[in-house]
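Worksheet: one structure, shown below.
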Amino acid sequence: MLSCMEMCVQLFLSVFKDLVGSEVTVELKDDLAVRGTLHAVDQFLNFKLVNVRVVDPDKHPHMFSVQNCFIRGSAVRYVQLPPNEVDVELLQDATRREARSS
Amino acid sequence: MASGLRIVTERVGDGAGQPVLDPDNGEELMHVQPGVSIVLGNRPPESPGTLYISTKQVVWLSDTDRAKGYAVDFVSLSLHAVSRDPDAYHSPCIYTQIETGAEELESEDSDSESDNILNLSKITEMRLVPSDPNQLDTLFAIFCECAELNPDPIEEGEDGHNWVFSADQLEDDGGEDDDSEWAIPENSSHSIGSNGNHDLAHSVVQLHINDQRFEDAEEMEQDDKNGHH
């Protein structure tokens, strides 16, 4: 039987697997937000994005637009998903179940 | 946990030398890239130097000053990218962000620290500028590989590293042994994402069935349904 943490990770991994190819915005714990096309996601919820640009260049003047970017899973605070491409109800249901089981 | 950038003063070997690694703990050298300058935060580039990428860390050693070197563990690199945008930086480089673990960081533009006193714990950005920009994609790929070798200690890797590049790549969810305990889901045609595979719905129903505490949850759901009617 999987630990609760492993189940949560699998849940999110499934969500992100479905979103490969979509535009996402990843907000890191240091407040940087980058937007790009989700190229790949792995079991540690590391993200590879392509065609990346910084969401708020005024806030982050040193920042960049890059072709490829690798984001460590542990550095991520939020991932903004395209609402049209996500079944929000089903996702909420799934996360509610996660919350109850923990 | 993330320690940030640190100074390296020890080397092995003659000449410019090499970094001290920890092979007893499995650390191996993955790549050596000569002709790399390092840019820490807003500071001017430091060169010439050689970049050493091991399975655990990135080390830059000055070619001319044996006492000068910097290192950072992969667990501390929250992001790395190939930067070719001249507006971001005048030279193509590998751009990295370093997680220092400090909650409230002072602005990097703050001049409260003299330029001569380098406070490495405040450095959150590092650029590695190779003299040969054609090496950038190789360096990026090696950084990715090594980052994947250094997940956070809490979560342990399972069978091996699996990147998913398309929704067609289906993985087994959970252990093979557990499959026999799970019933076949009713609504397996629903999926959360637009690429429409069954993984998530399957996982959700598996989660539901596998936990006995959901007996109570079901009663609550019924109450909810009644309430909402």
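As given, the protein sequences belong to chains A and B, one line each in that order. Read in order, the letters of the first sequence are residues 0 to 101 in numbering that gives the first Met the number 0. Read in order, the letters of the second sequence are residues 0 to 228 in numbering that gives the first Met the number 0. Note that the Cβ used here is the ideal one computed from N, Cα and C, for glycine as well. Since the model is a prediction, treat every value here as computed from it, not as a measurement.
Under 7 Å by beta carbon: chain A residues contacting residue i
i, result
"residue 150 of chain B", "43"
Nearest-angstrom Cα separation, counted from residue j out to residue i
i, j, result
"residue 53 of chain A", "residue 96 of chain A", "34 Å"
"residue 70 of chain A", "residue 65 of chain B", "32 Å"
"residue 8 of chain A", "residue 123 of chain B", "27 Å"
"residue 204 of chain B", "residue 83 of chain B", "Here the model assigns residue 204 of chain B a pLDDT of 45, short of 50, so the residue's position is not dependable, and the following value carries that caveat. One C-alpha to the other measures close to 45 Å."
"residue 163 of chain B", "residue 79 of chain A", "19 Å"
"residue 144 of chain B", "residue 44 of chain B", "26 Å"
"residue 21 of chain B", "residue 56 of chain B", "11 Å"
"residue 39 of chain A", "residue 33 of chain B", "30 Å"
"residue 16 of chain B", "residue 49 of chain B", "10 Å"
"residue 98 of chain A", "residue 133 of chain B", "48 Å"
"residue 135 of chain B", "residue 100 of chain A", "45 Å"
"residue 68 of chain B", "residue 89 of chain A", "51 Å"
"residue 77 of chain A", "residue 63 of chain B", "43 Å"
"residue 27 of chain B", "residue 74 of chain A", "25 Å"
"residue 148 of chain B", "residue 13 of chain A", "22 Å"
Beta carbon proximity, residue i to chain B, threshold 7 Å
i, result
"residue 3 of chain A", "no"
"residue 52 of chain A", "no"
"residue 108 of chain A", "Absent from the model: residue 108 of chain A. The displayed extent of chain A is 0 to 101, so no value can be given."
"residue 71 of chain A", "yes"
"residue 65 of chain A", "yes"
Outcome for residue i when other beta-carbon atoms lying within 10 angstroms are tallied against a minimum of 16
i, result
"residue 87 of chain A", "exposed"
"residue 36 of chain B", "buried"
"residue 97 of chain B", "buried"
"residue 89 of chain B", "exposed"
"residue 173 of chain B", "Residue placement at residue 173 of chain B is poorly supported in this model, since its pLDDT is 43, which falls under 50; the coordinates are not used for a value here."
"residue 91 of chain B", "buried"
Where residue i meets chain B, residues with beta-carbon distance less than 8 Å
i, result
"residue 76 of chain A", "The premise fails here: residue 76 of chain A is roughly 11 Å from chain B at the closest Cβ pair, so nothing lies under 8 Å."
"residue 39 of chain A", "162, 163 and 164"
Residue i: contacting residues in chain B (beta-carbon distance under 9 Å)
i, result
"residue 58 of chain A", "Going along chain B, no residue has its Cβ under 9 Å from residue 58 of chain A, so there is no contact; the nearest lies around 12 Å."
CB contact check: residue i to chain A, cutoff 7 Å
i, result
"residue 59 of chain B", "no"
"residue 143 of chain B", "yes"
"residue 36 of chain B", "no"
"residue 84 of chain B", "yes"
Which listed residue (the options) has its alpha carbon closest to that of residue i
i, options, result
"residue 40 of chain B", "B:126, B:135 and B:151", "B:126"
"residue 138 of chain B", "A:90, A:67, A:93 and A:75", "A:67"
"residue 74 of chain B", "B:42, B:49 and B:100", "B:100"
"residue 57 of chain A", "A:32, A:15 and A:28", "A:32"
"residue 142 of chain B", "B:94, B:6 and B:119", "B:94"
"residue 24 of chain A", "A:81, A:43 and A:72", "A:81"
Under 7 Å from the C-beta of residue i: neighbouring residues of chain B
i, result
"residue 23 of chain A", "Under the 7 Å cutoff, chain B gives no residues; its nearest Cβ is about 11 Å from residue 23 of chain A."
Amino acids of chain A, ordered along the chain, whose beta-carbon sits closer than 8 Å to that of residue i
i, result
"residue 79 of chain B", "68 and 69"
"residue 123 of chain B", "29"
"residue 147 of chain B", "41, 43 and 45"
Check: residue i C-beta below 6 Å from any heavy atom of the ligand COA
i, result
"residue 83 of chain B", "The ligand COA is absent from the structure shown, which contains no ligands of any kind."
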